[in-house]
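Residue numbers (the working numbering): 291 to 410.
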């Protein structure tokens with residue numbers, strides 16, 4: 291998640307500095323997608339969806355939409371920390387690639403070792 295937070299903070303700063311935020315939620319989402327595309331270009335991240343119809347996503351239930359993402363709890367862009375946290379989660383949902391998470395610790399523990407034998 292830290293890599294998504296870094297990306298979200300970079301995108302937020304860019305949108306704030308270039309005054310790209312709008313009071314219209316739909317316009318904000320489409321501009322946000324343009325900025326995300328530019329920021330991830332040339333990185334290991336790729337968008338899962340070529341196009342997201344935010345008009346459909348905001349007006350229909352999640353089950354009725356072609357792209358299954360929930361954008362119902364978008365915080366105001368004026369609340370910097372909340373918006374960056376939401377944006378990091380949103381970027382994580384719409385992208386793939388990036389650093390792989392470490393494998394579970396269980397894979398490194400041999401089967402003959404268990405907690406009961408350690409406590410006896």
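Even for Gly, the Cβ is constructed at its ideal location relative to N, Cα and C. These figures come from a predicted structure and were not determined experimentally.
Check, Outcome
"Residue 329 versus 366, 304 and 318, residue with shortest Cα-Cα distance", "304"
"Residue 359 versus residue 315 - alpha carbon distance", "16 Å"
"Nearest neighbour of residue 418, chosen from 344, 309 and 298 [CA to CA]", "Here the chain comprises residues numbered 291 to 410, so residue 418 is not present and cannot be evaluated."
"Whether residue 348 touches residue 325 by CB criterion (8 Å)", "no"
"For residue 306, the nearest candidate out of 373, 390, 393 and 379 (CA to CA)", "373"
"Closer than 8 Å to chain C by CB, residue 358", "Given the protein chain composition of this structure (a single chain), no chain C is represented."
"Residues that DSSP places opposite residue 411 in a beta bridge", "For the chain, the structure presents residues 291 to 410; residue 411 sits outside this window and is missing."
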